[in-house]
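Numbering (the working numbering), first residue to last: 2 to 235.
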């Protein structure tokens, strides 16, 4: 039997209206829709977004471990890949949904190579999604980059990374995954008063919050769906 088609779809930051028309069409028509949830979460954010489209397909939640044990994480990724493979082998067209963009710091990037190895004839179609950093710029009404400026996206989930940051003029810095290292990042940012900082969490979702105040950022509880945009003031 020919395996089903695999669709990797970026569903954006949270607002279902930010899904592309193509993504919405595929999500409404596929047999199985895989959504991601962390081990400690009761609900899947991606599933809640997709359900607003009232799709006909069957939902399957995949738990992705955030454990420090690399071997445990690899085993869980393989288990999740096996779940998708079983559906594809039955001829079911499957969608793997991921927040933001499909291939930017996404769990889909871990799954895809395993599926291609297991099913060499697999047909894959990837639909990009709106990134968190483009959403933050839009919600704040700030230019992200222009002319010859640069954009640098930095996963800043360790305290050591905060001390290594160097902020250059003409560069927009997106600091992702800051929830574990936010205190260290704030101390680093406070040392340079000529920096413009925009912080956002739960963008386009219920509970969205934006601020440019380091003091206000420090008062917030750690939130997984959060990021910062940093620039030197002109």
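Backbone N, C-alpha and C fix where the C-beta goes; we use that ideal spot for every residue, glycine too.
Note that the structure is a prediction, hence the values are computed from the model and not measured.
request  = With distances taken Cα to Cα, identify the nearest neighbour of residue 63 among 36, 56, 231.
outcome  = As a position in the chain shown, residue 63 is number 62, starting the count at 1. Of the candidates 36, 56, 231, the one whose C-alpha sits nearest the C-alpha of residue 63 is 36.
query = Quick one: what's got a C-beta closer than 7 Å to residue 45's C-beta in the same chain, skipping five residues either side?
reply = Residue mapping note: residue 45 aligns to position 44 of the chain shown, counting from 1. Counting only Cβ-Cβ distances below 7 Å, and skipping sequence neighbours, we find 36, 37, 38, 62.
Length of the line joining the Cα atoms of residue 2 and residue 115 = Within the chain shown, the letter at position 1 stands for residue 2. Within the chain shown, the letter at position 114 stands for residue 115. Near 20 Å, if we compare the C-alpha coordinates of residue 115 and residue 2.
Straight-line gap, residue 251 to residue 90 (C-alpha atoms, nearest Å) = Residue 251 lies beyond the stretch modelled for the chain, which goes from 2 to 235, so this question has no answer here.
query = Can you give the Cα-Cα distance for residue 180 and residue 227, rounded to whole angstroms?
reply = Position 179 of the chain shown, counted from the start, is the residue given in the question as residue 180. Position 226 of the chain shown, counted from the start, is the residue given in the question as residue 227. If I take the Cα positions, the gap works out to 7 Å.
ask   = To the nearest whole angstrom, what separates the beta carbons of residue 168 and residue 147, a pair I think is in contact under 8 Å?
value = Position 167 of the chain shown, counting from 1, holds the residue named residue 168. Position 146 of the chain shown, counting from 1, holds the residue named residue 147. Actually they are not in contact, since the Cβ atoms of residue 168 and residue 147 sit about 18 Å apart, beyond 8 Å.
key: Same chain only: Cβ atoms within 6 Å of residue 94, ignoring 5 sequence neighbours per side   = The residue labelled residue 94 in the question sits at position 93 within the chain shown. Contacts found: 5, 6, 31, 32.
inquiry  = Let me check understanding here. Comparing Cα to Cα, which of 154, 163, 205 lies closest to residue 230?
reply    = Position 229 of the chain shown, counted from the start, is the residue given in the question as residue 230. Looking at the Cα atoms, 154 is the closest of the given residues.
key: C-alpha gap between residue 83 and residue 99, whole angstroms   = Counted from its first residue, the chain shown places residue 83 at position 82. Counted from its first residue, the chain shown places residue 99 at position 98. Near 18 Å, if we compare the C-alpha coordinates of residue 99 and residue 83.
query = Which whole-angstrom value describes the C-beta separation of residue 191 and residue 172, a residue pair presumed to lie in contact below a C-beta threshold of 8 Å?
reply = To locate residue 191, count along the chain shown from 1; it is residue 190. To locate residue 172, count along the chain shown from 1; it is residue 171. 19 Å between Cβ atoms; not a contact.
task = Please go through the region 137-166 and give each complete beta strand (DSSP E) segment of 3 or more residues, from N-terminal end onward.
result = 151-156
ask   = Whose C-beta lies closer than 7 Å to the C-beta of residue 28 among residues of the same chain, with five residues either side of it excluded?
value = Against the chain shown, residue 28 aligns to sequence position 27. Excluding sequence neighbours, residue 28 sits near 10, 34, 51, 54, 56, 96.
key: One or two residues paired with residue 95 in a DSSP bridge   = Numbered from 1 along the chain shown, position 94 holds the residue referred to as residue 95. In DSSP, residue 95 forms a bridge with 7, 33.
task = Reducing DSSP to helix, strand and coil, say where residue 90 ends up.
result = To locate residue 90, count along the chain shown from 1; it is residue 89. Three-state DSSP puts residue 90 in a helix.
ask   = Excluding the five sequence neighbours on either side, which residues of its own chain have a C-beta within less than 7 Å of the C-beta of residue 156, listed in chain order?
value = For this step, residue 156 is matched to residue 155 along the chain shown. Taken in chain order, the residues that qualify are 106, 177, 178.
task = Give the straight-line distance between the Cα atoms of residue 233 and residue 198, rounded to the nearest whole angstrom.
result = By 1-based counting over the chain shown, the position of residue 233 is 232. By 1-based counting over the chain shown, the position of residue 198 is 197. C-alpha separation (whole angstroms): 9 Å.
Contacts around residue 215, its chain only, beta-carbon distance under 8 Å, and the 5 residues preceding and following it disregarded = By one-based count along the chain shown, residue 215 stands at place 214. Counting only Cβ-Cβ distances below 8 Å, and skipping sequence neighbours, we find 187, 190, 191, 198.
query = Do the CB positions of residue 221 and residue 185 come within less than 8 Å of each other?
reply = For the purposes of this step, residue 221 is identified with residue 220 of the chain shown, where counting begins at 1. For the purposes of this step, residue 185 is identified with residue 184 of the chain shown, where counting begins at 1. Their beta carbons are not under 8 Å apart, which means residue 221 does not touch residue 185 by this criterion.
ask   = Can residue 187 be considered in contact with the ligand PLP, in the sense that its beta carbon sits closer than 7 Å to one or more heavy atoms?
value = No copy of the ligand PLP occurs in the structure displayed, which carries no ligand at all.
task = Locate the beta strand (DSSP E) running through residue 221, then write down its first and last residues.
result = One-based indexing of the chain shown puts residue 221 at position 220. Note, residue 221: premise wrong, no beta strand (DSSP E); not H, not E.
query = From what residue to what residue does the beta strand (DSSP E) around residue 60 run?
reply = Residue mapping note: residue 60 aligns to position 59 of the chain shown, counting from 1. 59-65 is the extent of the beta strand (DSSP E) around residue 60.
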